[in-house]
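2 protein chains.
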Amino acid sequence: MSLAPPTCLRFRPLGIDTSAEYVVYMHAGCHICRAEGFAAQARLAVSANQRTLIATLNIVRGDLIGIDEASLSISAQRALGIRAGTILHFSHMPVLASASHVRAKVFGQTLDRAALQAIVDDAVSGRLSDLHLAAFVTACAGERLDLDETTSLTEAMVAVGERLSWDRHPVVDKHCVGGLPGNRTTPIVVAIVTACGLLMPKTSSRAITSPAGTADTMEVLAPVDLDITAIRRVVNQTGGCIVWGGGMQLSPADDVLIRIERPLDLDSDGQLVASILSKKLAAGSERVLIDLPVGPTAKVRDAITAQRLSSRLITVGARLGLQVQVRLTDGRQPVGRGIGPGLEARDLLQVLRCDAQAPQDLAERALDLAGQVLELGDAATPGTGLSLARHTLTSGRAWQQFQAICDAQGGLRAVPQAPLRHLVLASQAGKVSTIDNRVLARIAKLAGAPQSKAAGVDLLVKLAEPVEQQQPLYAIHAEAPGELQYALCYALAHPNVIQLEN
Amino acid sequence: MSLAPPTCLRFRPLGIDTSAEYVVYMHAGCHICRAEGFAAQARLAVSANQRTLIATLNIVRGDLIGIDEASLSISAQRALGIRAGTILHFSHMPVLASASHVRAKVFGQTLDRAALQAIVDDAVSGRLSDLHLAAFVTACAGERLDLDETTSLTEAMVAVGERLSWDRHPVVDKHCVGGLPGNRTTPIVVAIVTACGLLMPKTSSRAITSPAGTADTMEVLAPVDLDITAIRRVVNQTGGCIVWGGGMQLSPADDVLIRIERPLDLDSDGQLVASILSKKLAAGSERVLIDLPVGPTAKVRDAITAQRLSSRLITVGARLGLQVQVRLTDGRQPVGRGIGPGLEARDLLQVLRCDAQAPQDLAERALDLAGQVLELGDAATPGTGLSLARHTLTSGRAWQQFQAICDAQGGLRAVPQAPLRHLVLASQAGKVSTIDNRVLARIAKLAGAPQSKAAGVDLLVKLAEPVEQQQPLYAIHAEAPGELQYALCYALAHPNVIQLEN
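If you read the sequences in order, they're chains D and F.
Take any residue in the first sequence, count from 1 to its spot, add 88: that is its number in my numbering.
Take any residue in the second sequence, count from 1 to its spot, add 88: that is its number in my numbering.
Written out as structure tokens, the structure reads:
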């Protein structure tokens with residue numbers, strides 16, 4: 089028994105950009121809408137060029153398109169690879185097994201590998217709606233994926249993407265779980281570790297819920313959107329790279345899940361592990377150091393949670409052939425001074441150049457992590473990694489190596505400066521007792537980070553520092569007046585972001 | 089500190105219907121997009137006519153609109169009450185406390201009345217995105233709302249809507265928890281109970297995840313989309329009504345949550361209780377009988393769940409001044425024969441007219457419930473309700489009364505018949521051992537119910553009935569060939585929907 093013959097309309101581009109969402113536009117009077125009883129927001133299958141996708145219907149009332157025409161959002165037009173006049177075929181959306189799996193998970197059932205693969209496949213192809221993806225992300229939030237599910241999800245995510253392999257071994261890597269503004273150690277670690285001869289092809293992500301991801305910050309300094317051929321050239325030339333992983337389809341499922349998690353500001357243990365490990369596996373990494381900052385306003389708030397996540401990362405990694413080592417770090421305050429791509433880039437350049445005013449906390453963290461990676465990759469014997477890392481930095485070899493990597497990626501760029509700045513002053517004297525990472529991150533985001541590269545927060549005090557009344561606590565940097573004022577509104581509503589005690 | 093002065097664009101209608109979602113269209117080159125760095129899918133505040141709403145941004149690339157223009161989806165245009173040329177003001181979306189509350193709930197925190205009110209307010213005003221609503225619905229799924237939260241959510245939902253009051257007392261009501269296809273007792277119960285002099289102004293909902301809600305079925309027989317003035321007239325005239333509650337803004341929050349729950353096929357104990365009780369409280373009901381079908385493929389699957397839900401309905405009702413009585417009923421198979429608005433309307437007319445071929449199970453259930461309501465409303469002494477109900481039906485008084493109500497609502501209509509039918513036959517002989525309510529409901533929905541009024545399933549056998557090989561088990565009714573074939577595909581893939589044993 090086959091489906092009814094699909095019905096057809098001519099494609100007319102309208103040029104509407106809906107980002108990743110697939111939208112189809114049909115005239116209210118068209119025969120398909122009328123015959124099939126399609127209403128606005130219905131989801132239906134659109135085919136052309138031997139490709140099919142599922143799109144959300146918007147109904148056009150008026151003369152924007154004819155009754156024998158249909159339009160598609162730019163994303164859907166690209167996915168089908170069509171031009172004006174192409175004949176589009178429409179049919180009812182298939183019943184999705186993945187939607188039932190999502191529902192089962194919402195109600196607390198455990199999903200097996202096949203069910204998770206079905207969800208991941210349909211997420212990547214756009215068959216599952218954003219509502220279903222939001223339900224899935226929510227149903228997995230916190231600790232609602234067990235170890236088997238996490239392993240299966242990781243495998244499923246690796247299976248839908250590209251997978252790199254490298255000629256030299258071991259391939260080392262480093263990843264930060266995040267949640268700590270300004271913690272931009274990666275470019276420094278890559279420079280040190282590859283200067284010492286290890287292979288470290290680093291693929292990073294853009295910000296999920298933070299004011300900057302490593303890829304956002306690195307993009308200030310050099311191109312990061314390289315294809316696989318270009319990355320291989322950079323890595324062959326220098327032993328390392330610091331590029332954006334999203335352009336390579338290494339874990340397209342992760343990109344889809346992140347698109348949903350970002351506006352919801354949600355993370356889950358299981359998805360975090362699957363997200364990290366799927367990207368590491370896809371990137372061909374073999375030994376990975378994970379920086380896991382712990383603090384009351386970091387992503388991981390206490391030692392118990394950190395231990396649980398740590399053990400999950402190590403166990404799932406081991407099951408999938410990845411040697412994982414976790415470093416718990418201090419997450420009580422931002423690292424360095426800058427929060428936002430441009431300001432963080434400034435900080436890490438100061439460290440690499442061994443400037444006198446370089447933020448020492450950022451330098452020490454990067455050295456600690458680099459030392460661990462050197463030992464993990466057998467480039468230093470146990471206990472000697474840190475001193476090798478320090479020597480590599482102070483000798484200028486790390487800075488040379490960083491410039492070589494930037495050149496290979498397309499050339500070192502100047503750090504942009506924000507045209508608009510506003511200093512937030514201490515209303516009283518005292519000693520800094522707490523700094524709220526989340527509120528500072530929110531202010532940086534409202535100021536425009538990471539889209540506005542120069543925007544963000546420049547933190548001018550650290551925990552335990554004495555502060556005079558009217559002394560600047562932090563500066564808000566912005567590129568647009570609306571954003572500056574908006575960030576400032578929020579900052580003024582949250583005077584306790586930096587607390588002082590007498 | 090005020091926000092930056094809002095920036096303005098001229099409104100140009102495009103006539104795009106996105107259903108309830110608010111969408112704003114701006115040209116990629118317009119000064120607001122460029123100055124504020126807005127990207128597609130960003131959410132922003134749009135104001136005109138002293139009204140403000142939050143809309144999702146779609147970017148227009150091309151000449152559909154000018155760079156000094158913006159367009160809005162029809163829903164947003166209506167909500168702002170504007171016409172071509174009106175000046176629209178744009179600003180960044182405010183930080184929503186309700187989004188933080190949703191996140192807290194996702195991570196298992198308990199929400200208080202104020203937090204739930206914030207969520208409900210922002211859901212109704214469209215400030216919370218559909219993704220956030222999906223996360224909220226998912227976070228409440230199953231039993232994840234406690235008794236206090238359920239009470240608070242119910243109160244919050246009543247607070248954002250209209251609330252009716254009536255001159256006569258007690259005001260009785262009846263509600264079915266649903267999940268049982270064809271269980272269309274309400275119109276019969278209203279006819280019997282109001283014929284006996286009780287006041288029963290019944291507001292019903294449309295289908296959530298089922299092939300028909302009472303409002304969908306009743307709409308086949310009479311207009312149900314009445315305003316409050318019209319309803320008062322009908323109730324004053326007849327003592328009852330059977331109308332759609334959604335048109336009266338009795339529980340607009342429920343309508344929003346249902347719009348999200350429907351595509352996700354999700355329900356939760358707490359939201360179910362809040363949905364039912366908020367509508368009953370808003371409708372001015374004082375004593376409510378709740379029909380709770382229990383069966384392996386009904387919404388409530390076992391006695392333990394039924395008891396839990398029942399006790400929650402009674403307790404939350406009592407806290408809010410509503411006397412609730414729950415009747416657990418047999419949910420192992422559909423009630424009557426028809427599944428879908430038109431087919432169910434046919435069944436209930438047969439019962440009211442005391443036709444010889446009327447489905448006896450539907451008649452007996454309606455009589456049982458009507459008897460209970462008569463006793464609950466003090467129109468019958470304990471133990472005498474059923475016989476009073478039966479007498480009212482068999483004497484023809486219920487049918488007279490039903491016609492009076494339909495006339496008052498706008499006139500009794502003829503039941504439409506589907507042009508396309510397909511009989512599904514038994515592949516072997518045997519006795520009917522199980523009937524899957526969910527699969528039958530799905531087939532009826534794929535056939536077009538409830539949008540296509542005449543579409544659905546006509547069930548031709550009941551549990552324990554003997555069946556010959558090739559005997560028809562059920563008929564699929566459809567209005568469009570695509571829908572018939574689509575339903576049939578699914579039916580053929582699920583031959584066990586009706587199981588036979590030797």
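Using N, Cα and C, we set each Cβ at its ideal position, and we do this for glycine too.
Within chain F, partners of residue i - CB distance below 9 Å
i	result
T482 (chain D)	Near T482 (chain D) there are no residues of chain F at all, since even the closest Cβ is about 40 Å away, more than 9 Å.
Listed by chain order, chain D residues near residue i by CB distance under 8 Å
i	result
D105 (chain F)	A116, A128, N146, I147, V148, R149
T226 (chain F)	V194, A222, A223, T226, A227
D354 (chain F)	It is worth fixing the name first, because residue 354 (chain F) is Leu in this sequence and not Asp. Within 8 Å Cβ-Cβ: R191, V194, A223.
I348 (chain F)	L219
Beta-carbon neighbours of residue i, restricted to chain F and to distances below 7 Å
i	result
D234 (chain D)	Simply none; closest approach about 16 Å.
G230 (chain D)	F195, G196
P183 (chain D)	A quick correction: the sequence has Val, not Pro, at residue 183 (chain D). Here the neighbours are Y578.
I564 (chain D)	Neighbours of I564 (chain D) on chain F: none; closest Cβ ~12 Å, over 7 Å.
Endpoints, beta strand (DSSP E) assigned at residue i
i	result
W332 (chain F)	328–332
T522 (chain F)	518–523
A563 (chain D)	560–566
A164 (chain F)	A164 (chain F) -> not in any beta strand (DSSP E); alpha helix (DSSP H) instead, spanning 162–168.
S135 (chain D)	131–136
T174 (chain F)	T174 (chain F) -> no beta strand (DSSP E), and no H or E assigned at all.
K262 (chain D)	260–264
Q557 (chain F)	Unbroken run through Q557 (chain F): none, as it is neither H nor E.
D546 (chain F)	544–547
I155 (chain D)	From DSSP, I155 (chain D) is part of no beta strand (DSSP E); its letter is neither H nor E.
P381 (chain D)	375–382
T95 (chain D)	95–99
Heavy atom of the ligand ADP within 6 Å of residue i beta-carbon
i	result
L440 (chain D)	Here there are no bound small molecules, and the ligand ADP is not part of this structure.
Proximal residues of chain F, C-beta to C-beta of residue i below 8 Å
i	result
Y113 (chain D)	I104
P429 (chain D)	Per Cβ cutoff of 8 Å: no residues; P429 (chain D) is ~13 Å from chain F at best.
E109 (chain D)	Q129
I162 (chain D)	R149
Beta-bridge pairing of residue i - partner residues as DSSP gives them
i	result
K290 (chain F)	F:I330
L141 (chain F)	F:V134
D105 (chain F)	D:I147
H119 (chain F)	H119 (chain F) is not bridged to any residue.
Q112 (chain D)	Strictly speaking, residue 112 (chain D) in this sequence is Val, with Gln absent from that position. Bridge partners of V112 (chain D): D:L145, D:L160.
E589 (chain F)	F:K519
P182 (chain D)	Answer is none; P182 (chain D) lacks a bridge partner.
Under 9 Å by beta carbon: chain D residues contacting residue i
i	result
G335 (chain F)	Neighbours of G335 (chain F) on chain D: none; closest Cβ ~17 Å, over 9 Å.
Chain D residues whose Cβ lies nearer than 7 Å to that of residue i
i	result
H180 (chain F)	G570, Y574
P351 (chain F)	S217, L219
L152 (chain F)	L102, G103
Extent of the continuous alpha helix (DSSP H) run through residue i
i	result
I280 (chain F)	274–283
L572 (chain D)	569–581
L309 (chain D)	302–309
Q: At 4 residues or longer, and completely inside the region 385–447 of chain D: list those alpha helix (DSSP H) runs for me, N to C.
A: 391–407, 429–440
Q. Between the region 93–103 of chain F and the region 558–568 of chain D, do three or more beta carbon pairs fall short of 8 Å?
A. no
Q) Can you find at least 3 beta carbon pairs, one from the region 269–289 of chain D and one from the region 416–423 of chain D, that sit closer than 8 Å? A) yes
Q. Which runs of the alpha helix (DSSP H), 4 residues or longer, sit entirely within the region 196–252 of chain F?
A. 201–213, 218–227, 235–247
Q. Does the region 329–347 of chain F come within contact of the region 385–393 of chain F, defined as at least 3 CB pairs closer than 8 Å?
A. no
(Q) Taking contact to mean 3 or more Cβ pairs, one atom from each stretch, closer than 8 Å, check whether the region 112–129 of chain F and the region 185–199 of chain F are in contact. (A) no
(Q) In chain order, what are the residue ranges of uninterrupted alpha helix (DSSP H) at least 4 long that sit wholly in the region 339–371 of chain F? (A) 340–352, 357–370
Q.
For the pair the region 231–248 of chain F and the region 352–362 of chain F, tell me if three or more CB-CB distances fall below 8 Å.
A. yes
**Q.** Cβ pair count under 8 Å reaching 3, the region 273–290 of chain F against the region 401–414 of chain F
**A.** no
Q: Entirely within the region 467–541 of chain D and at least 3 residues each: give me those beta strand (DSSP E) ranges in chain order.
A: 508–513, 518–523
Q. Would the region 452–461 of chain D and the region 300–307 of chain D be scored as touching if the rule is three or more Cβ pairs under 8 Å?
A. no
Q: Evaluate the contact criterion for the region 168–187 of chain D versus the region 131–138 of chain D: three or more CB pairs, one atom per stretch, below 8 Å.
A: yes
(Q) Would you call the region 544–561 of chain F in contact with the region 428–443 of chain F, where contact means no fewer than 3 C-beta pairs closer than 8 Å? (A) yes
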